[in-house]
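Chains as they are written, first to last, in our numbering: chain F, 1 to 483; chain E, 1 to 483; chain Z, 1 to 483.
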Amino acid sequence: MRSRIVTIFILAALVLGAGMLGAEEMNETPTPRISADVTEQLESFKVLLLNGRVIADTVWVLIAGMLVFFMNLGFGMVEAGLQQEKNSVNICAKNFIVFAIASIAFWFIGWGLMFGDGVGFLGLKGIWMLGGMDNSPATGDMYRGVYSAISWAGVPLFAKFFFQLVFAATAATIVSGSVGGRIKFGAFVIFSFLLVGIMYPITGHWIWGGGWLQERGFWDFAGSTAVHSVGGWAALAGVLVPGPRIGKYNPDGSVNPIPGHSMTLATIGVFVLWLGWFGFNPGSTMAAIAEDIARICVTTNLAAAAGALAATITAWVVIGKPDLSMILNGSLAGLVAITAPCAYVEPGAAIIIGFIGGILVVVFVIAFDRWGIDDPVGATSVHLVNGIWGTLAVGLFAAAPYAGREGQPPIGLFYGGGISSFANQVVGVVTVGAFTFILSWVAWVIINAIMGIRVSREEELRGLDISEHGMEGYPDFESYMLK
Amino acid sequence: MRSRIVTIFILAALVLGAGMLGAEEMNETPTPRISADVTEQLESFKVLLLNGRVIADTVWVLIAGMLVFFMNLGFGMVEAGLQQEKNSVNICAKNFIVFAIASIAFWFIGWGLMFGDGVGFLGLKGIWMLGGMDNSPATGDMYRGVYSAISWAGVPLFAKFFFQLVFAATAATIVSGSVGGRIKFGAFVIFSFLLVGIMYPITGHWIWGGGWLQERGFWDFAGSTAVHSVGGWAALAGVLVPGPRIGKYNPDGSVNPIPGHSMTLATIGVFVLWLGWFGFNPGSTMAAIAEDIARICVTTNLAAAAGALAATITAWVVIGKPDLSMILNGSLAGLVAITAPCAYVEPGAAIIIGFIGGILVVVFVIAFDRWGIDDPVGATSVHLVNGIWGTLAVGLFAAAPYAGREGQPPIGLFYGGGISSFANQVVGVVTVGAFTFILSWVAWVIINAIMGIRVSREEELRGLDISEHGMEGYPDFESYMLK
Amino acid sequence: MRSRIVTIFILAALVLGAGMLGAEEMNETPTPRISADVTEQLESFKVLLLNGRVIADTVWVLIAGMLVFFMNLGFGMVEAGLQQEKNSVNICAKNFIVFAIASIAFWFIGWGLMFGDGVGFLGLKGIWMLGGMDNSPATGDMYRGVYSAISWAGVPLFAKFFFQLVFAATAATIVSGSVGGRIKFGAFVIFSFLLVGIMYPITGHWIWGGGWLQERGFWDFAGSTAVHSVGGWAALAGVLVPGPRIGKYNPDGSVNPIPGHSMTLATIGVFVLWLGWFGFNPGSTMAAIAEDIARICVTTNLAAAAGALAATITAWVVIGKPDLSMILNGSLAGLVAITAPCAYVEPGAAIIIGFIGGILVVVFVIAFDRWGIDDPVGATSVHLVNGIWGTLAVGLFAAAPYAGREGQPPIGLFYGGGISSFANQVVGVVTVGAFTFILSWVAWVIINAIMGIRVSREEELRGLDISEHGMEGYPDFESYMLK
């Protein structure tokens, strides 16, 4: 093992040396050099082989990142489809602008707070505009820079940034649907900047940036907590501060269902999200490791399938019909739940995790409605509840050979591991949740105090498309809504 | 040639040996080892070069599989768009749940029946839950396992499974649109499980799993027969058993066209399918062979383009206008037709094959309507007719250097080959068709006897969205339908 | 440097030699050969390493090409969403058929005119059906063939063709939206063939095919001019020749806004386009160069984000509300503007370029409307105005280490470079614009004289869906339009 590490350093030094040969070589395809000296030739081959690894890993990470970017369309259409026609422009605008804001905010400050070297609580070095020293794709001890926590990934800095950016944007996108139908566009824009620029990076630092949770042994492979439950907690605060939409609850407390305006759009959205998750989970390897990425594709897919089936059955039993919005949310629940454990569990366990996720989402959609938490798209049930469930599942289902050794989580409780791993997962769930929920609550309250977060009663009844954007989503069609 | 095979075995042994070095190395990037001994170093480079192949092939196969997965969105939107608004939720639910069912069914039993070692008719070993022995990505004679028929692909077992799973799901998805507007949701769910878990894997075993058709010399590169006409035959049975939708035919036998509710959705669907076919056909190499995958992209694309143009012209001549649903189905026809021969034919031949496909689909959509076969989306014309046509086209257009040598189909009839290849293709078309159609018919009849497959007259008139799912697709919009 | 080039030739010779070993090796995975002779073994490794490069580059280029293909869906939905319901079938049909026509036209003649060896004005060799001699993936001086201008890309000919084809189709797609609501389907089909088969390849030859602009030192990395402003000029001619839609302008010259029929579709479209641009720009490397493709992903994304934010702010200030169609077009403006300079500028510059693009698009959408240029989707503001802006930006923002050396553009004006680079960019913008606009104008006028390009007043009022295609986009829904 030691000799392999020494070898890695030497080879990395070769790569770096080659990189310093001058900039005119940077944009050229590396080509073997023929020399009389076999040793020299072997050295050049080593460099080429390492370069080949970097190329394969970078192509994989970038394509995975593109798939995650595409999830913005998925979220946009799920949220638009599950809301009323009169708010469809607004929800599209929010989902669109949130990615633009996230791109700038995460570049400007978020990346550095999350991955910059610093203390257990947050990053302190190189926090502005990716400006810290960095010699990626050098890895391990050859790495010289201020983003050490992610130096295990052997890809260029811009590839790391691109992949992490699309993750960060996902967290904010989760919020947009839950607060739908009542929030001012400007208030959402400001909150998104705070979430992606500051709040998400801080808890992200805890989990993936070398922070205190990572040190403690908290495991979240692709972000059930780091991304989904963070988005879910922020969404929950955004639902509670302004309260439910007008007309959602009768004076006696009974619930009026407000159906979404286009189930075909919602279906498009979920298919796109499922696709995007093949970037989200397998891409979180940040390296094209054949066995791992293939296996994670399969666990991810089985959990999604099991979630959809479980939600179908649960809805059929509980509601009496296989409600399509429940089927769709069931697959998302399975996907969120498998996100943390996808790399650590067997296919059979993935099915169980997804199946339980599918049950949970139906139960919690109904429960949240009864508890007065008016989340029009069920994002809290999907991302918050199943983000928690998936994170805990690591402590239950992690199994050899994917767990139990160095660089892997401990064996899960159900496979003979101790309770300590599960306990660590609970600590992460609680602390990240408390931090994000409290800060989000404070942020929404402050924004409310300064500019108001809720539109007027007349504007809400008329729809946010007119009040916030001065346009209609479908002006050529007659609608039951007031026009 | 022999020395090359010996070399492969030795190298594969090295890879396997490296793989056995211990699990702590499995998740690490392989890195060259420096040693004083040049020979030893060369050995390590060989392993790395082979690993590089596995990585490139796996990334390619997984991404191709993701594109094929995405075809579920394509099928869903084509089928939803081409059906009535009152059945839009139902068609989305069917297209969504069918992939979930396929994921579980193909994992549970289908994969093993299709690729497990066995007899000419079906696989017998390792049929449950991918549970058979397997040492992929070892290939050729180094392979030790029970899935020999697909051991030519040098990717991990999970990558093979993922790619084959998304293919299997495609077959069932084809059925969902054809039976639209009248079938109970539960009946479709059960049929899908039977199709993906049992029927498709059996004929798949014949063609790709080392079965009797493959032995005989039947060639179907990416599944014109194995996937598309199998789906088409199952759909045809599903159309014939319940009969046409209420109102489709007048008492005098004349046809009432029932237009689809959203041509924009149908257009989205076909663009997504076209994209997905760049995974379906070039990905069926299951290896990143640069020349082949580039060429197959081009033949696939030219056939699709020619199919769209042919259908446009044919519709303009026959119907009098360039009907958009015909244009869309024309490209799909070209894509289905080129699926079997895509790797074996020249670009010019691909254009001819696609063009004929585009003519066929217009003719058969009209003919099936007249013959009382009420397929709302034209899936039988697209997938069954052109699945047959494409399969036969291998026997006509296969050309050197892509045909005529070991591991390739014989030269086609139009390029100077004999009739025997064409005859073999006919045998495959007929036997797979007879098996699938008869079993599907029996399955639909049995399901009908047990639980009924057709909704009541009132439910059908009101739409399946309400009767089967208790919801509407577009509740905010006024519709011509009864509400 | 010289020794490296010699090495490349020798290695390329090895690859070619290996390629000539016989066709039975073409479809097989190359495998290292063990030999007693170390030198021989080293040679075989070199071949494998080069093959590995070709594989990585080909997979990357094909996937990037698929993403660009997918932009057809994006254009289709943006254009459909931003036009009236009564023309939705027509716009879908145009966007669909245009890719089919482009596929055939660019294969038949366009590729050769663009990349065939010839004179400064156009290609002359191997112009028909990719029929010229070519030994790709050989590169540099080892290349033997008639498509020298693109011999720098080390991928198979079919991969080059596929990638360039999807680019060519993009230019024609830009036109379809601008001329919406009044043009005959057949006239558009003919114009598209001329544009993709002849006009686009000629100016493409100037810029990328070894023509006079390329010789002169005009830089357009991914096609702000070569693709986008060419499409924009053709669209402008197509808008001016028939004149505005009926009802767009009042007798007093004031403007009637004609809102698009589906903002959700438009949103889908722009998300898909944004995704596609990750193929368009980073893929234009035509090689999987890790540092470059990662960096171009980031510059592309930042420009899009900045464009969306700038358009949001500008619209909020100028119109009074953050109009969604402006937000969407803002991101497209940023994407078009960064297309030429994406590989040559720093992330901060990308933000500035995109931000200015976002302002420009809002200003020009309003200005074009006032000037009587009735472009229903704003494509001229997006693609023409920002295609020009992005091309000029190369002369302003190109910066070391991405500029200033051989094979790179000169340093930009804002980074201390001279005016000559900017002047060259102006020459390219003006000459390509004049050529394309004049030829397009002539083409539209001739088509008009022969068959008429505009539908009748009654047909236009009733909508092109009925008059041109005999069908409705949404027959199940009630609409404000006449039915």
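By construction, the Cβ of each residue, glycine as well, lies at the ideal position given by its N, Cα and C atoms.
(message) 8 Å is my cut-off, CB to CB: does Phe-96 of chain E come that close to chain F?
(response) yes
(message) Any C-beta of chain E within less than 7 Å: which residues of the stretch 56-76 of chain Z qualify?
(response) For the stretch 56-76 of chain Z, the beta-carbon criterion of a distance under 7 Å to any beta-carbon of chain E is satisfied by Ala-56, Thr-58, Val-59, Leu-62, Ile-63, Met-66, Phe-69, Phe-70, Asn-72, Leu-73, Gly-76.
(message) Among Z:Leu-82, Z:Asn-424, Z:Asn-95, whose alpha-carbon lies nearest the alpha-carbon of Pro-257 of chain Z?
(response) Z:Leu-82
(request) Give the residues of chain Z in contact with Met-133 of chain F, contact being defined as C-beta atoms less than 7 Å apart. (result) Against chain Z, the beta carbon of Met-133 of chain F has no neighbour under 7 Å; the closest one sits roughly 16 Å away.
(request) For Arg-295 of chain F, return the contacting residues in chain E, with the cut-off set at a CB-CB distance below 8 Å. (result) Pro-156, Phe-158
(request) Quick one: which residues of the stretch 170-199 of chain Z get their C-beta closer than 8 Å to a C-beta of chain F? List them in chain order. (result) none
(request) Report yes or no: is there a C-beta of chain Z within less than 8 Å of the C-beta of Tyr-143 of chain F? (result) no
(message) Just to check my reading of the structure: Leu-194 of chain E and Val-175 of chain E have Cβ atoms closer than 8 Å, yes? What is that Cβ distance to the nearest angstrom?
(response) Going by Cβ atoms, the distance from Leu-194 of chain E to Val-175 of chain E rounds to 11 Å, so no, they are not a contact pair.
(request) Could you tell me which chain F residues have their CB closer than 7 Å to the CB of Gln-41 of chain E, listed as they occur along the chain? (result) Chain-order list of chain F residues neighbouring Gln-41 of chain E: Leu-42, by C-beta distance under 7 Å.
(message) Using 8 Å for Cβ pairs, my map puts Met-263 of chain Z next to Ser-284 of chain F. What's the rounded Cβ distance?
(response) About 33 Å separates the two Cβ atoms, so there is no contact after all.
(message) Less than 8 Å between the C-beta atoms of Phe-355 of chain E and Ala-306 of chain E, yes or no?
(response) yes
(request) Spell out the partners DSSP gives Tyr-200 of chain F in its beta bridges. (result) Paired residues: none, contrary to the question.
(request) Report the three-state DSSP secondary structure of Tyr-402 of chain F (helix, strand or coil). (result) coil
(request) Identify the continuous alpha helix (DSSP H) that holds Asn-256 of chain F and give its terminal residues. (result) Taken as a continuous stretch (DSSP letters only), Asn-256 of chain F belongs to no alpha helix (DSSP H), as it is neither H nor E.
(message) Here's the rule I'm using: 16 or more other beta-carbon atoms within 10 Å means buried, otherwise exposed. How should Asn-424 of chain E be labelled?
(response) buried
(request) Could you check if Asp-369 of chain Z is buried or exposed, using at least 16 other CB atoms within 10 Å of its CB as the buried criterion? (result) buried
(request) Please decide whether Met-263 of chain E counts as near chain Z, where near means a Cβ-Cβ distance under 8 Å. (result) It does: the Cβ of Met-263 of chain E has a partner Cβ on chain Z nearer than 8 Å.
(request) Output yes if chain F places a C-beta closer than 8 Å to the C-beta of Trp-107 of chain E; else output no. (result) Taking Cβ atoms only, chain F reaches closer than 8 Å to Trp-107 of chain E, which makes this a yes.
(message) I need the DSSP call for Ile-183 of chain Z, collapsed to helix, strand or coil.
(response) strand
(request) From the DSSP output, read off the bridge partner residues of Arg-454 of chain F. (result) The partner list for Arg-454 of chain F (beta bridge, DSSP) reads F:Ile-183.
(request) Using a cut-off of 9 Å between C-beta atoms, extract the partners of Val-38 of chain Z located in chain E. (result) Val-38, Thr-39, Leu-42
(message) Please state the DSSP three-state secondary structure of Tyr-249 of chain E.
(response) strand
(message) From the DSSP secondary-structure annotation, give me the bridge partner or partners of Ser-479 of chain E.
(response) According to DSSP, which records beta bridges pairwise, Ser-479 of chain E is partnered with Z:Phe-477.
(message) Within 8 Å of any Cβ in chain Z, is that where the Cβ of Glu-85 of chain E sits?
(response) yes
(message) Just to make sure I have the definition right: I need the residues of chain Z whose C-beta is within less than 7 Å of the C-beta of Asn-250 of chain E. Which are they?
(response) Those do not exist, as Asn-250 of chain E stays about 19 Å from chain Z at its closest Cβ, beyond 7 Å.
(request) Could you tell me whether the Cβ atoms of Asp-57 of chain E and Ala-290 of chain E are closer together than 8 Å? (result) no
(request) Name, please, each residue of chain Z whose Cβ falls closer than 8 Å to the Cβ of Asp-323 of chain E. (result) His-469, Gly-470, Met-471
(request) Please determine, among Z:Val-98, Z:Phe-163, Z:Gly-197, Z:Ala-93, the residue with the shortest C-alpha to C-alpha distance to Trp-128 of chain Z. (result) Z:Gly-197
(request) Report yes or no: do the stretch 222-232 of chain F and the stretch 136-145 of chain F share at least 3 C-beta pairs separated by less than 8 Å? (result) Taking 8 Å as the limit for Cβ pairs, the verdict is that the stretch 136-145 of chain F does not touch the stretch 222-232 of chain F.
(message) Any beta carbon from chain F within less than 8 Å of Ala-153 of chain E's own beta carbon?
(response) no
(message) Tell me the DSSP secondary structure of Gly-123 of chain F in three-state form.
(response) strand
(request) Taking only beta-carbon positions, decide if Leu-49 of chain E is within less than 8 Å of chain Z. (result) yes
(message) Quick check: what's the CA-CA separation for Asp-374 of chain F versus Val-362 of chain F?
(response) 15 Å
(request) At 8 Å on the CB atoms, spell out the chain F contacts of Ile-104 of chain E, in chain order. (result) Leu-302, Ala-305, Ala-306, Leu-309, Ile-351
(request) Please name the residue in Z:Val-377, Z:Val-455, Z:Phe-69, Z:Ala-393 whose C-alpha comes closest to that of Ile-352 of chain Z. (result) Z:Ala-393
(request) Report buried or exposed for Leu-11 of chain F, applying the criterion of at least 16 other Cβ atoms within 10 angstroms of its Cβ. (result) Caution is warranted here: a pLDDT of 43 is assigned to Leu-11 of chain F, below 50, making its placement in the model unreliable, and the coordinate value is therefore given only provisionally. Answer is buried; the Cβ neighbour count reaches 16.
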